[in-house]
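Data first, discussion second: the structure below is written as structure tokens.
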Amino acid sequence: MSVRRFVLFYIEEDWILKRYRIVKLKDKILLSKVEACEVTKPSFEDTWKVEIRRGLLQYAVLAIVRLHEKGIHGYGIARELDERTDGLLEVKEGTLYPILHRLRKERLLNQYTEKSDAGPRRKVYVLTGEGDRVLRELSVILGNIFNKLEALKSE
């Protein structure tokens, strides 16, 4: 019997993360448990941090792209987010590229490819007119929210 391929995936049950393997043997597909490990439920504070960060990332990406009239590639966006926010909005590829795709789908960004001296062609992102309008509107909204929150804190 030869194993043709396998895929690992996880199933969460009562905060126990179990790792399974799908194995295809000739015409049969088998599911076998590989290991189980306990994971801790995220704290309320950690959950809020993730949600706030997720909401601000799209705004921050638009703001970074706006700084580059000729456009900026994904790696440049990630690097600038990290540098300009002192690591607070450090973003991995698996998070950044879905955001860029969503912003393109909403017509807030355009994308083109350019030749790179360092290797393959790169996707470069530029802000659209609609993206600029949305960014300005979000800036006002976020400014108002932060002002109101500061006022609440001092009462």
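Basically our numbering = 1-based index in the sequence shown + 244.
Yeah, the Cβ is synthetic: ideal placement off N, Cα and C, and Gly gets one too.
Since we're looking at a predicted model, the values are computed, not measured.
State yes or no: is the C-beta of residue i within less than 9 Å of the C-beta of residue j?
{"i": "Leu400", "j": "Val378", "result": "No information on residue 400 is available, as it lies outside the stretch 245 to 399 that the chain covers here."}
{"i": "Leu371", "j": "Gln302", "result": "no"}
{"i": "Gly224", "j": "Glu358", "result": "Here the chain covers residues 245 to 399 and nothing more, so residue 224 does not appear."}
To which residues of the same chain is residue i closer than 8 Å at the C-beta, ignoring the five residues directly before and after it?
{"i": "Ala395", "result": "none"}
{"i": "Arg365", "result": "Thr357, Glu358 and Lys359"}
{"i": "Gly375", "result": "Leu306, Val309, Arg310, Leu347, Arg351, Leu352 and Leu353"}
{"i": "Pro286", "result": "Val294"}
Looking only at C-alpha atoms, which of the options sits nearest to residue i?
{"i": "Gly318", "options": "Pro364, Ala304, Tyr341 and Lys397", "result": "Tyr341"}
{"i": "Ala197", "options": "Val335, Lys392 and Glu313", "result": "Past the boundaries of the shown model lies residue 197; the chain is included only from 245 to 399, so the question cannot be answered."}
{"i": "Arg389", "options": "Ile296, Pro286 and Lys367", "result": "Arg is not the amino acid found at residue 389; the sequence shown has Ile there. Measuring from the Cα of Ile389, the nearest candidate turns out to be Ile296."}
{"i": "Gly331", "options": "Gln355, Lys349, Ala304 and Arg310", "result": "Ala304"}
{"i": "Thr339", "options": "Glu289, Leu382 and Val294", "result": "Val294"}
Assuming residue i contacts residue j (C-beta within less than 8 Å), just tell me the rounded distance between them.
{"i": "Ile308", "j": "Glu324", "result": "5 Å"}
{"i": "Tyr369", "j": "Leu386", "result": "Their Cβ separation, rounded to whole angstroms, is 21 Å, which puts Tyr369 and Leu386 out of contact at 8 Å."}
Looking only at its own chain, which residues have a Cβ that is under 6 Å from the Cβ of residue i, when we skip the five neighbours before and after it?
{"i": "Glu257", "result": "With a pLDDT of only 45 at Glu257, under 50, the local geometry of the prediction cannot be trusted, and the value read off the model is given with reservation. If we look at Glu257 and ignore the five residues flanking it on each side, it has no Cβ neighbours."}
{"i": "His312", "result": "none"}
{"i": "Ser398", "result": "none"}
Within its chain, find whatever has a CB closer than 7 Å to the CB of residue i; leave out the 5 residues flanking it on each side and keep chain order.
{"i": "Arg367", "result": "One point to set straight first is that residue 367 is Lys, not Arg, in the sequence displayed. Hits under 7 Å: His317, Gly318, Gln355 and Thr357."}
{"i": "Leu382", "result": "Tyr303"}
Per DSSP, which one or two residues make a beta bridge with residue i?
{"i": "Glu358", "result": "Arg366"}
{"i": "Ile316", "result": "Tyr369"}
{"i": "Leu353", "result": "Leu371"}
Under 8 Å: does the beta carbon of residue i sit that close to some heavy atom of the ligand FAD?
{"i": "Ser383", "result": "This structure lacks the ligand FAD; in fact it carries no ligand of any kind."}
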